[in-house]
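*Asks:* I have a structure I would like to understand better, so I am pasting it below and will then ask my questions one at a time.
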Amino acid sequence: MERILVIGANGQIGSELVDALAAKHGAENVIAADISPTSLYGAKIYEVVDVLNADRLAEIHDKYNITQVYQLAALLSATGEKAPLKAWTLNMDGLLNILELARIRGEAGKPLKVFWPSSIAAFGPNTEAVNTPQYTVMDPNTIYGISKLAGERLCEYYFQKYNVDVRSIRYPGIISYKSPPGGGTTDYAIAIFHSALKGEVYSCFLEAQQSLPMIYMPDAIRATISLMEAPTENIKIRSSYNVSGMSFNPQELTSEITKNLPNFQVHYAPDSRQAIAASWPQSLNDEAAYQDWGWKAEIDLPALVTDMLKNVKIAN
64 MERILVIGAN
74 GQIGSELVDA
84 LAAKHGAENV
94 IAADISPTSL
104 YGAKIYEVVD
114 VLNADRLAEI
124 HDKYNITQVY
134 QLAALLSATG
144 EKAPLKAWTL
154 NMDGLLNILE
164 LARIRGEAGK
174 PLKVFWPSSI
184 AAFGPNTEAV
194 NTPQYTVMDP
204 NTIYGISKLA
214 GERLCEYYFQ
224 KYNVDVRSIR
234 YPGIISYKSP
244 PGGGTTDYAI
254 AIFHSALKGE
264 VYSCFLEAQQ
274 SLPMIYMPDA
284 IRATISLMEA
294 PTENIKIRSS
304 YNVSGMSFNP
314 QELTSEITKN
324 LPNFQVHYAP
334 DSRQAIAASW
344 PQSLNDEAAY
354 QDWGWKAEID
364 LPALVTDMLK
374 NVKIAN
């Protein structure tokens, strides 16, 4: 029986991952954890955990006999640029604490499977931008991206040296109606729906033609769980897999929204996040994920827009 710990359970991915894992394994076998005093989404089991506290992590592991950890706690791209030392400490030391926990427990005969998310932010301005391959130049220029690239190397190191079963996805921008924007450069693609449904003109912080890889949350959750459930021998990449859903720019997203809300308007006012977006890929090649564990996206842009407009409207 799996006993699963989700750290960062109050975040955008964590909140929906907890529900999906609970549906699959039973709510009593999924421990939601975050630094805040309460669960924001009504998890059946919730623990207050600071991922920087290694002793607390070990305590929770032993209390619940944890077999899998999803380490999702992080400061995202735009937020991280405002507090780079804080972002580095959280993003790197948090991962190291989990990898060390897995190493120690593995040596004691209690193997711990680990999921850690990387990001398209690990690429950089000299990366091949269109159909970015799995292996390519990676020269990130944000503290978030630098921490993700360093984290990828750590994950592979712990697998090769200590046989820690760690798995990772380079997430593109993730779109969801269940949680608000969380400080990421791709979060315009969430905020724009809220403005559209409120009848507001949306001020977009990216240029109209700035294409980025994106994925709708149900596909992101499915990719994550599929990777973790894949047989160990199928996982050929222990740094991080490219995974893509679709690619679009703000103008294309706006055009799709106006098919449903013809009066919706967008004003473009690029800020510092535009420079970040310009250094990232415009589309991803995720053939390796397809070959190794059968990944294939199911949700395209029209389906995403239809579902977002339906559900954000209900939420508001």
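Quick note, in the working numbering, the sequence shown goes up one by one and the last residue is 379. Just so it is clear, CB atoms sit at the ideal spot from N, CA and C, and this is done for glycine as well.
Within a Cβ cutoff of 7 Å, which residues of the same chain sit near residue 166, ignoring the five residues on either side of it in sequence?
*Replies:* Here residue 166 corresponds to residue number 103 of the sequence shown, with the count starting at 1. The answer, listed in chain order, is 221, 225 and 227.
*Asks:* How would you label residue 205, buried or exposed, when you count the other beta carbons within 10 angstroms and need 16 or more for buried?
*Replies:* Here residue 205 refers to the residue found at position 142 when the sequence shown is read from its first residue. So residue 205 ends up on the buried side.
*Asks:* Could you check if residue 265 is buried or exposed, using at least 16 other CB atoms within 10 Å of its CB as the buried criterion?
*Replies:* Against the sequence shown, residue 265 aligns to sequence position 202. So residue 265 ends up on the buried side.
*Asks:* Where does residue 200 fall in DSSP's three states?
*Replies:* Position 137 of the sequence shown, counted from the start, is the residue given in the question as residue 200. DSSP places residue 200 in coil when its eight states are reduced to three.
*Asks:* Is residue 65 closer than 8 Å to residue 130 when the C-beta atoms are compared?
*Replies:* Locating residue 130 in the sequence shown gives position 67, where the first residue counts as 1. Locating residue 65 in the sequence shown gives position 2, where the first residue counts as 1. For residue 130 and residue 65, yes; Cβs fall inside 8 Å.
*Asks:* What does DSSP give as the partner residues of residue 95 in its beta bridges?
*Replies:* Position 32 of the sequence shown, counted from the start, is the residue given in the question as residue 95. In the DSSP output, where bridge partners are listed per residue, residue 95 has 69 and 109.
*Asks:* Would you kindly check if the distance between the Cβ of residue 69 and the Cβ of residue 109 is under 8 Å?
*Replies:* Position 46 of the sequence shown, counted from the start, is the residue given in the question as residue 109. Position 6 of the sequence shown, counted from the start, is the residue given in the question as residue 69. No. Outside cutoff.
*Asks:* Between residue 302 and residue 326, what straight-line distance do the alpha-carbon atoms span, to the nearest angstrom?
*Replies:* Against the sequence shown, residue 302 aligns to sequence position 239. Against the sequence shown, residue 326 aligns to sequence position 263. Distance between the alpha carbons of residue 302 and residue 326 is about 45 Å.
*Asks:* Using CA coordinates, which residue listed in 89, 340 and 136 is at the minimum distance from residue 98?
*Replies:* The residue you call residue 98 lines up with position 35 of the sequence shown. The residue with the shortest Cα to Cα distance from residue 98 is 136.
*Asks:* Residue 342 and residue 188 - do their beta-carbons sit closer together than 8 Å?
*Replies:* Within the sequence shown, numbered from 1, the residue matching residue 188 stands at position 125. Within the sequence shown, numbered from 1, the residue matching residue 342 stands at position 279. Yes.
*Asks:* At the level of alpha carbons, what is the spacing between residue 410 and residue 233?
*Replies:* Any property of residue 410 remains undetermined from this structure, which presents the chain solely from 64 to 379.
*Asks:* Can you tell me which of 113, 311 and 329 puts its alpha carbon nearest to the alpha carbon of residue 160?
*Replies:* Taking the sequence shown and counting its residues from 1, one reaches residue 160 at position 97. Minimum Cα distance to residue 160 is reached at 113.
*Asks:* Give the list of continuous alpha helix (DSSP H) stretches no shorter than 4 residues that lie fully inside the region 298–356.
*Replies:* Fully enclosed alpha helix (DSSP H) runs of 4 or longer: 313–321, 335–341 and 350–356.
*Asks:* Beta carbon of residue 26, beta carbon of residue 210: below 8 Å?
*Replies:* This structure leaves residue 26 out entirely; the chain is present only between 64 and 379.
*Asks:* Between residue 323 and residue 154, what straight-line distance do the alpha-carbon atoms span, to the nearest angstrom?
*Replies:* In the sequence shown, the residue the question calls residue 323 occupies position 260. In the sequence shown, the residue the question calls residue 154 occupies position 91. Each residue's alpha carbon lies about 39 Å from the other.
*Asks:* Find out if the Cβ-Cβ distance for the pair residue 313, residue 195 is shorter than 8 Å.
*Replies:* Taking the sequence shown and counting its residues from 1, the one referred to as residue 313 is at position 250. Taking the sequence shown and counting its residues from 1, the one referred to as residue 195 is at position 132. No, Cβ-Cβ distance for residue 313 and residue 195 is not below 8 Å.
*Asks:* Ordered along the chain, which non-local residues of its own chain (more than five positions away) have a Cβ less than 6 Å from that of residue 360?
*Replies:* Numbered from 1 along the sequence shown, position 297 holds the residue referred to as residue 360. These residues qualify, in order along the chain: 282 and 308.
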